[in-house]
Amino acid sequence: MARSATPSFLRFGRALAVVVLALLAVSALAAPVSPADEKNVRGVVQAQLAAFAADDADKAFSYAAPNIRKSVTSAAHFMAMVRGHYAVVYRPASVAFMKPERDGNEIVQPVQMSDAEGATWVAIYTLERQKNKLWRITGCFVQSTNGRMV
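In terms of the numbering used here, the sequence shown is residues 777 to 926.
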C-alpha cells in the first residue's frame with residue numbers, strides 16, 4: 777500500500793479547513809444563538825456524553841428527542857446503536873465544542889472529538905427545543921477529519 781507524500785498534519789489541516797469553511801458559510805446565513813441557548817444546548821450534549829461514559833443508558837436516552845426515541849424504542853437499543861456505530865461519541869478521548877448555529881427551529885452544535893487512537897472527528901449534533909422548553913438531540917452526524925492528535 778503506497779503512503780501519501782503529504783504529511784498527516786497537513787492532511788488534517790486541510791480537512792479541518794474544509795470543515796471550518798463549511799461552518800462559516802452556514803453561519804453567514806444562520807441566525808445567532810443566544811448565550812442562554814448556547815449554554816443549554818452544550819449542557820445537553822455534555823450530559824449525554826457523561827451518561828455514555830457512565831454506561832447509563834436510561835440517562836443517555838433521556839436526552840434524545842421524541843423522533844429518536846420513537847425510532848430506537850428503548851434505552852438499551854439506543855446504547856447498543858451508539859456503542860456500535862458511534863464509537864467516538866460513546867467514548868471520546870477529547871471533546872471541544874465549536875460555535876453553535878441556528879437552523880430554523882433547530883440548533884446545530886458541532887463538536888470536535890478524538891478517539892482512543894488519536895483520530896479526529898467532528899460530530900454535528902442537531903437539537904430542538906421541546907414543548908417543555910428543554911433542548912433535546914434530534915440527530916448526530918459524525919465525520920472523520922482524517923487527522924490525528926499527537
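Every residue gets a Cβ at the ideal spot worked out from N, C-alpha and C, and that includes glycine.
Just so we're clear, the structure is a prediction, and the values are computed from it rather than from any experiment.
Exposure label - residue i; buried when at least 16 CB within 10 Å
{"i": "Phe837", "result": "buried"}
{"i": "Thr849", "result": "exposed"}
{"i": "Phe854", "result": "buried"}
{"i": "Gln919", "result": "exposed"}
{"i": "Met777", "result": "Low per-residue confidence applies at Met777: pLDDT is 48, beneath 50, and the placement is therefore not dependable, though the value from the model is reported in the following sentence. Classification for Met777: exposed."}
{"i": "Ala827", "result": "buried"}
{"i": "Ser739", "result": "The structure shown does not extend to residue 739, since the chain is modelled only from 777 to 926, so the question has no answer here."}
Cα-Cα separation between residue i and residue j, rounded to whole angstroms
{"i": "Ala892", "j": "Lys907", "result": "38 Å"}
{"i": "Glu882", "j": "Arg905", "result": "7 Å"}
{"i": "Ile900", "j": "Asp834", "result": "22 Å"}
{"i": "Lys846", "j": "Pro811", "result": "30 Å"}
{"i": "Trp888", "j": "Lys875", "result": "First, the amino acid is wrong: residue 888 is Gln here, not Trp. About 11 Å."}
{"i": "Val884", "j": "Gly860", "result": "23 Å"}
Under the three-state DSSP convention, the category residue i falls into
{"i": "Glu814", "result": "helix"}
{"i": "Ala826", "result": "helix"}
{"i": "Ala841", "result": "coil"}
{"i": "Ala807", "result": "coil"}
{"i": "Ser850", "result": "coil"}
{"i": "Asp834", "result": "helix"}
Own chain, CB closer than 6 Å to residue i, minus 5 neighbours either side, in chain order
{"i": "Arg818", "result": "Phe873"}
Own chain, CB closer than 8 Å to residue i, minus 5 neighbours either side, in chain order
{"i": "Ile913", "result": "Val820, Val821, Gln824, Tyr839, Ala840, Ala841, Ile844, Tyr901, Thr902, Leu903"}
Close Cβ partners of residue i (< 7 Å) along its chain, the five nearest in sequence each way excluded
{"i": "Ala852", "result": "Ala833"}
For the region 855–921, list the beta strand (DSSP E) runs that are entirely contained and at least 3 residues long, ordered along the chain. 870–873, 877–879, 882–890, 895–905
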